[in-house]
Amino acid sequence: MSLDLYHVDAFTERPFGGNPAAVCFLPEPREAAWMQQVAAEMSLSETAFLTPLPEGVWSLRWFTPAIEVELCGHATLASAHVLWESGRLARGAVAQFE
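Per numbering that gives the first Met the number 0, residue 0 is the first one in the sequence shown, and the count goes up by one each step.
Here it is, written out as structure tokens:
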């Protein structure tokens, strides 16, 4: 299976600065254990997983290399950035997550 996976440095304009997060686009939901394995492989503080929902809303889940977490600010911002930059969401459109 081929997936779109991005490494984003949040809160900086220079590469390898700021707070890194991985952002992974999933065409359909995956099991938490699988997402946990991907996050462990990425070995960043957080990996965000985006799955499309109806009406332009995105399911968003966050995993550290060890556990799923309830919220991650920088990975949420990284996810919105990738949505806009990849053209999945029009520039200026509101990013909506569940």
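We treat Cβ as the ideally placed atom computed from N, Cα and C, and that holds for glycine.
Identified DSSP bridge partners for residue i
i      : result
Ser-58 : Thr-50
Glu-67 : Phe-62
Pro-19 : Asp-8
Identity of the residue in the options nearest residue i by Cα
i      : options                           : result
Gly-16 : Phe-24, His-6 and Leu-25          : His-6
Glu-69 : Thr-75, Trp-61 and Leu-76         : Trp-61
Glu-54 : Ser-42, Val-37, Arg-29 and Phe-96 : Phe-96
Ala-38 : Leu-4, Arg-13, Pro-51 and Val-56  : Leu-4
Ser-58 : Arg-90, Thr-75 and Pro-14         : Thr-75
Gln-35 : Glu-67, Arg-13, Pro-26 and Asp-8  : Glu-67
Closer than 7 Å: residue i CB and nearest the ligand NAD heavy atom
i      : result
Arg-90 : The ligand NAD is not part of the structure shown, which contains no ligands of any sort.
Distance CB(residue i)-CB(residue j) smaller than 8 Å
i      : j      : result
Ser-44 : Thr-63 : yes
His-73 : Phe-10 : yes
Thr-46 : Ala-20 : yes
Where the alpha helix (DSSP H) through residue i begins and ends
i      : result
Glu-92 : The displayed chain sequence assigns Ala, not Glu, to residue 92. Premise fails: Ala-92 is in no alpha helix (DSSP H) and is neither H nor E.
Gly-86 : Per DSSP, Gly-86 belongs to no alpha helix (DSSP H) and is neither H nor E.
Glu-40 : 31 to 41
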